[in-house]
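Data first, discussion second: the structure below is written as structure tokens.
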Amino acid sequence: MQELVSIQLPDLRLVLPELTVLITGFMLFSLELLFKRLSHAIAISVSLVGYLIALLFITFMPAKGETFFGLYHRDGFSSLLQFFMLLLTMVLLGFHLIYYRKKRSLYGEFYYLLSFALLGGMFLVSSYNLIVLYVALEAVSISFYILTALLRSDFSSKEGAFKYLMLGGLSIALASYGAGFMYLYSGSLDLRYILTHVGENQYFLVLGLVLFLIGFAIKIGAVPFHFWLPDAYQGAPTPITAYMASVGKLAFFAPLVRLMPYVQEHFAYAWVATVSIISAITMLYGNLVALVQKDVKRLLAYSSIAHSGYIMAGIAVAQLIGLKAVIYFLIAYALMGFGSFMVLALLERSEGWENRLEQFSGLRFSAPWLAVSFMLMLLALLGVPPTVGFVGKALVFMSLSSGSLWWLAFVMIVATGISTGYYLRITALMFMRNPSTNLQLALTGWEKALIALLTVSLVLLGAVPIILWGFISPSAENLFVR
Amino acid sequence: MVGFPLASVSMILPLVGSFLVLVLREELARWIALAFSGFVFALSILSLFYFDFSQSHKVQFEEVYPLLPEFNLNLHLGFDGLSYLMYILTALISLTAILWSIRDHQVSHRLKEYYVWFLLTESFLVGVFASLDLMVFYVFYELTLVPMFFAIGIWGYKLRMYSAYKFFIYIFVSSLFLLLGIVSLAVQHYKQFGKYSFYYFDLINNQYSLGFEVFLFFLFFIAFAVKTPIVPFHTWLPDAHGEAPTAGSVVLAAILLKMGTYALLRFNIGLFPEASLFLMPLMVLWGIFSIVFASWFTISQSNVKRFVAYSSVSHMGFVVAGMFLLNAEGLKASITEMFAHGLTSSALFMMAGFIYNRLHSFNMQALRGSIKFMPVFALLVAITGYSSMGLPGGSSFWGKFLTILGAREYTLQLSLLVLAGAFFSVLYMLYLLKVLYLDTREEARLIHFTDIRGFKLLAFLSVVLPMFLVGLLPFLFFAFYEGYIQSLLKHLVLRGGG
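Top line first, the protein sequences correspond to chains H and V.
Read in order, the letters of the first sequence correspond to residues 1 to 482 in this note's numbering.
Read in order, the letters of the second sequence correspond to residues 1001 to 1498 in this note's numbering.
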């Protein structure tokens, strides 16, 4: 089939992974439609095979270039992010089944919604075109709204999804309104052209860009546009929370990252000022609010907001080193966020577990290796070397120093200092207190292996940074080349 | 033999040990830990024969493993005279701590974890002193926090969790400034030489304006001042040292504090010579201020462990004041005092832990006159006390004497100030000895005091005997860092013009 495609439409070679995911999604959709009682084993294997093929396309056919008349742009950056998106989606499919069974909310929709969200994310990381970005944004968002609401018996799941829907809709409206202004200014929908174009009425450009940025700021949960995030993250089924915190973050940050090389010309100063102030507020607010949370899932949601702040600090420095730092930190956070929410998903399966902070006391006695893994993930989120979180923070510091944004560096130190409190509290509870509840937790060997893999990758990718760096550095340099 | 990978072997051995502790039976844990820390110590002593003391300013046993070529980031390990001495101290004190833990009542549960954390600490500490690459140094510097956090929080005394938090948060947050400083140095190197580097001997060539250099100096200084600690950044220390298990306090006081002073000496003075010369009066006075205030805090303590902890702060004042005199005597005094304090403070903490096992109290009032029922122990404590006070023949004598000498090179007043500091530090130690020896104790008959023996005696001797070595044969130790000091002074003259 692939050969046929390549013969008839040679352009499509660049979008083979996306096509595979699309076909997988439609296969899952029709399977769900045709068979009343869809076997989950079949759905999972179809998804896994589809994603695996897509993953192989990305790994072994590293094509670069533009297709569909410049609408679609594949480069090292998009391949790298797509690789991690696919990988994390596959890992997710190793976890979700028992969780959803336990919550009695296992539906066939889950599988194709997941693949449409993934598809939207893959588009979002590989285009400069406003229309494509808009469509991709909608594809990811709508899938996320439904996936969030998919815990049918749980009211907070509905509430979270509804808030997400309202603010998500607003964000898309703002982004498309902004896109309209940018088109008005330049007569083009290509971001690269818009930002390098010298035209009259710069106001339109600034207005359009501000609206566009606000739209994305809502999506990534930057303060003060974050109100949906804690509720949606807390209400969503935990595997979906992990998915939003990893694949969602990768997808929503990608267009901002793509803007970075182009802001230097016209409004370097305005960019630095705006983004750095939002970043400072975001990291401080996220960490301060996380500090007083009693619910660990909500706490990690606020920590996710704080991490958006750290990543934006790198984005504020629109230089090459900042770009590299941001890509590294994005991937690092995707892994850390995914891992930590996944541990919660595993714990939630045990009877009476509500993610309350005090339930974590003595976890080392009831689930020793899970406690060790969770500790390493928390230390990674905190930024203790030699984990990925540390390398990410060091790189952000490096770019802040390179851009002489000293005040933001000090704000980041303060914010990290605040975050020490809550990450450490969970760690201390797990290891230094006696167990309060009797935890019955039976993990399958498969789950143990995946958690171990995630944990090891957090440490290994940090201790041997060259593994990731070998991909990040060239793709970032490639982004900077006009 | 100079090409022998001493640092990495010394780091890998404890890692192997901790792995074995994890997989083998719990009863074997202590013996495996003892064996592997013993191996490292034996290795450190053996390597003495191969260390070229005439070239002590040069890096020996050098190893380079590339980590991130783009940033010129390597796992660059090696020892010059200064770090070599610290490495030997690390090997010795780690062995002492594990020897002591074998029969410590406080360590009776979760033995596997306990020894894993201690072996990991040893490995990371070797990494701290062996790193020639600032980023790698930072990684190990931070890593030592994690095992100590658990050691305090799990096996500590009553306020253990609070103290563990405080310890971690203070040092973690302050060292973020260090991280910012280190990456700034690399960025500066990029701006001046066109490539990033974290290698110490590359960064030494960076040039800054004085204002920026002072700024960078303080980024580093905040981290090390908290770690060292210098008054008023010391408030984490009495809690952490006071609540940690004995072996934890020993490692904390003897080596972890040295990380701060070692780094101050190597990085603050080595990398920012101009700023150091500019800030010299401030730093020396700050050190003396630290001595005096910490001495007063010490005397007012009623908990003997906190007493010892505060006395560490005052000793660290000597180290800092001596170092920032920036002359041969001062630097020599500072390094000798680092080593000497490693010995005396660990002996004093073992003393506190030992008496606690007998009386189940750290209260000074409860300890009154208790020591005279244990003659051998009393003798060892007396030697430690006098050494710490700075009596000639004791280990701290050279540190204090040379500091005064170094201060005299500037003005008489300064040396008198140092002398006053030394006076206060004698005062509190005499007070401690008086409480332990001379105060009367009525209910002595009711408590059975067993004298020190076995592994604990061995542990105590392992630090008391080297005290004599430092006190009586100081030139043995001067040989380690004579070359380093000469080259540092040359660098200071070259760069700072002072």
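A virtual CB, placed ideally from N, CA and C, is assigned to each residue, including glycine.
Quick caveat: nothing in here was measured; it's all calculated off a predicted structure.
Note to self: Let's see if you can read the secondary structure: which residues bound the alpha helix (DSSP H) around V/Gly1385?
What the structure shows: Sequence index remark: in the second sequence, residue 1385 of chain V carries index 385 (1-based). Per DSSP, V/Gly1385 belongs to the alpha helix (DSSP H) from 1375 to 1389.
Check: beta strand (DSSP E) containing V/Tyr1060: first to last residue?
Finding: Counting from one through the second sequence, the residue named residue 1060 of chain V turns up at place 60. Per the sequence shown, the amino acid found at residue 1060 of chain V is Gln instead of Tyr. Run containing V/Gln1060: 1060 to 1068, per the beta strand (DSSP E) assignment.
Next item on the list: Note down the Cα distance separating H/His73 from H/Tyr128, rounded to an integer number of angstroms.
Entry: Here residue 73 of chain H refers to the residue found at position 73 when the first sequence is read from its first residue. Here residue 128 of chain H refers to the residue found at position 128 when the first sequence is read from its first residue. So the alpha carbons of these two residues sit roughly 7 Å apart.
Notebook entry, point to check: chain H beta carbons: is any one of them nearer than 9 Å to that of V/Leu1179?
Noted result: Mapped onto the second sequence, residue 1179 of chain V falls at position 179. Chain H contact via Cβ: present.
Checklist line | Touch test, the region 106 to 114 of chain H against the region 156 to 165 of chain H, Cβ-Cβ under 8 Å, three pairs minimum | finding: no
Checklist line | Within the region 1418 to 1478 of chain V, ranges of the alpha helix (DSSP H) (whole runs, at least 4 residues) | finding: 1454 to 1472
Next item on the list: Return no unless some Cβ of chain V is closer than 9 Å to the Cβ of H/Pro386.
Entry: Within the first sequence, numbered from 1, the residue matching residue 386 of chain H stands at position 386. Interface residue, yes.
Item checked: Identity of the residue in V/Met1323, V/Ile1093, V/Trp1286, V/Leu1432 nearest V/Val1308 by Cα -> Counting from 1 along the second sequence, the entry for residue 1308 of chain V is found at position 308. For V/Val1308, the nearest C-alpha among the options comes from V/Leu1432.
Notebook entry, point to check: So who's on the other strand from V/Glu1113, going by DSSP bridges?
Noted result: Locating residue 1113 of chain V in the second sequence gives position 113, where the first residue counts as 1. For V/Glu1113, which the question treats as bridged, DSSP gives no partner whatsoever.
Notebook entry, point to check: Sorted by chain position, which residues of the same chain lie with C-beta nearer than 7 Å to V/Met1374's C-beta, five sequence neighbours on each side aside?
Noted result: In the second sequence, residue 1374 of chain V corresponds to position 374, counting from 1. These residues qualify, in order along the chain: Phe1449, Asp1451, Ile1452.
Next item on the list: Count the other C-beta atoms from every protein chain shown that fall within 10 angstroms of the C-beta of H/Lys36, then say buried if there are 16 or more, exposed otherwise.
Entry: By 1-based counting over the first sequence, the position of residue 36 of chain H is 36. Classification of H/Lys36: exposed, given that the 10 Å Cβ count is below 16.
Checklist line | Pairwise C-alpha distance: H/Val414 and H/Leu284 | finding: Here residue 284 of chain H refers to the residue found at position 284 of the first sequence. Here residue 414 of chain H refers to the residue found at position 414 of the first sequence. Cα-Cα distance, rounded: 8 Å.
Next item on the list: Can you give me, in chain order, the residues of the region 438 to 468 of chain H that have a beta carbon less than 8 Å from any beta carbon in chain V?
Entry: Val464, Pro465, Ile466
Check: Got a sec? Which residues, its chain only, sit under 7 Å from H/Ala301 by beta carbon, not counting five neighbours each side?
Finding: The residue you call residue 301 of chain H lines up with position 301 of the first sequence. For H/Ala301, where only same-chain residues beyond five positions count, the Cβ hits under 7 Å are Leu229, Pro230, Tyr233, Gln234.
Check: Is H/Thr196 buried or exposed, if buried means 16 or more other CB atoms sit within 10 Å of its CB?
Finding: The count along the first sequence starts at 1 and reaches residue 196 of chain H at position 196. Counting Cβ neighbours within 10 Å, H/Thr196 comes out exposed, since fewer than 16 surround it.
Notebook entry, point to check: Is V/Phe1079 helix, strand or coil by DSSP?
Noted result: The residue given as residue 1079 of chain V occupies position 79 in the second sequence. Strand at V/Phe1079.
Check: V/Ala1254 and V/Gly1156: beta carbons closer than 9 Å?
Finding: Within the second sequence, numbered from 1, the residue matching residue 1254 of chain V stands at position 254. Within the second sequence, numbered from 1, the residue matching residue 1156 of chain V stands at position 156. Contact flag unset, no.
Margin query: Would V/Leu1015 pass as an interface residue toward chain H - the criterion being a Cβ-Cβ separation below 9 Å?
Written below: Mapped onto the second sequence, residue 1015 of chain V falls at position 15. Not closer than 9 Å to any Cβ of chain H, the Cβ of V/Leu1015 fails to qualify, so no.
Notebook entry, point to check: So what does DSSP say about H/Glu351, is it helix, strand or coil?
Noted result: The sequence position of residue 351 of chain H within the first sequence is 351, counting from 1. Looking at H/Glu351 - three-state DSSP - the assignment turns out to be coil, as it is neither helix nor strand.
Notebook entry, point to check: Where does H/Met1 sit, in a helix, a strand or coil, going by DSSP?
Noted result: The residue you call residue 1 of chain H lines up with position 1 of the first sequence. With a pLDDT of 43 at H/Met1, under the threshold of 50, the predicted position of this residue should be treated as unreliable, and no value is reported.
Next item on the list: Measure from the alpha carbon of H/Tyr134 to the alpha carbon of each residue in H/Asp295, H/Tyr177, H/Ala332, then state which is nearest.
Entry: Walking along the first sequence from the start, residue 134 of chain H turns up at place 134. Nearest option by C-alpha distance: H/Tyr177.
Notebook entry, point to check: Hey, how far is the Cα of V/Phe1503 from the Cα of H/Gly309?
Noted result: Any answer about residue 1503 of chain V is impossible in this case: the structure gives chain V only from 1001 up to 1498.
Check: Is the CB of H/Met432 under 9 Å away from at least one CB in chain V?
Finding: Residue mapping note: residue 432 of chain H aligns to position 432 of the first sequence, counting from 1. Yes, H/Met432 counts as interfacial toward chain V.
Checklist line | Residues in the region 1138 to 1155 of chain V having any Cβ partner in chain C nearer than 9 Å | finding: Judged by its chain identifiers, the structure shown contains no chain C, and its protein chains are H and V.
Notebook entry, point to check: Taking V/Gly1003 as the reference, which of V/Leu1028, V/Val1021, V/Val1059 has the closest Cα?
Noted result: Taking the first residue of the second sequence as position 1, residue 1003 of chain V is located at position 3. Nearest of V/Leu1028, V/Val1021, V/Val1059 to V/Gly1003, Cα basis: V/Val1059.
Notebook entry, point to check: Does DSSP put V/His1189 in a helix, in a strand, or in coil?
Noted result: For the purposes of this step, residue 1189 of chain V is taken as the residue at position 189 of the second sequence. Note: V/His1189 maps to helix in three-state DSSP.
Checklist line | Under the three-state DSSP convention, the category V/Glu1274 falls into | finding: Mapped onto the second sequence, residue 1274 of chain V falls at position 274. Three-state result, V/Glu1274: helix.
Check: Whose Cβ in chain H lies nearer than 7 Å to the Cβ of V/Phe1172?
Finding: Residue 1172 of chain V sits at position 172 when you count from the first residue of the second sequence. Under the 7 Å cutoff, chain H gives Thr420.
Next item on the list: Quick one: which residues of the region 1246 to 1268 of chain V get their C-beta closer than 7 Å to a C-beta of chain H? List them in chain order.
Entry: none
Margin query: How far does the alpha helix (DSSP H) with V/Glu1142 in it extend, from its first residue to its last?
Written below: As a first step, residue 1142 of chain V is located in the second sequence; it is residue number 142 there, counting from the start. Start and end: 1134 to 1143.
Next item on the list: Check whether the Cβ atoms of H/Leu488 and H/Arg364 lie closer than 9 Å to each other.
Entry: Because chain H here runs from 1 to 482, residue 488 of chain H falls outside it and cannot be looked at.
Check: Which one of V/Ala1240, V/Gln1192, V/Gly1181 has the shortest CA to CA distance from V/Phe1220?
Finding: For the purposes of this step, residue 1220 of chain V is taken as the residue at position 220 of the second sequence. When each option's Cα is compared against that of V/Phe1220, the closest is V/Gly1181.
Checklist line | In DSSP terms, what V/Asn1303 is bridged to | finding: Position 303 of the second sequence, counting from 1, holds the residue named residue 1303 of chain V. Answer by DSSP bridge pairing, in chain order: V/Asn1363.
Item checked: N-terminal and C-terminal residue of the beta strand (DSSP E) that H/Gly199 is part of -> Mapped onto the first sequence, residue 199 of chain H falls at position 199. Looking at the DSSP string, H/Gly199 is not in any beta strand (DSSP E), and its letter there is neither H nor E.
Next item on the list: Give the range of the alpha helix (DSSP H) segment to which H/His40 is assigned.
Entry: As a working mapping, residue 40 of chain H is identified with position 40 in the first sequence. Its alpha helix (DSSP H) spans residues 40 to 60.
Check: DSSP on H/Leu192, reduced to helix/strand/coil?
Finding: Within the first sequence, residue 192 of chain H is the residue found at index 192, counting from 1. Residue identity check: residue 192 of chain H is Arg in the sequence provided, not Leu. DSSP places H/Arg192 in helix when its eight states are reduced to three.
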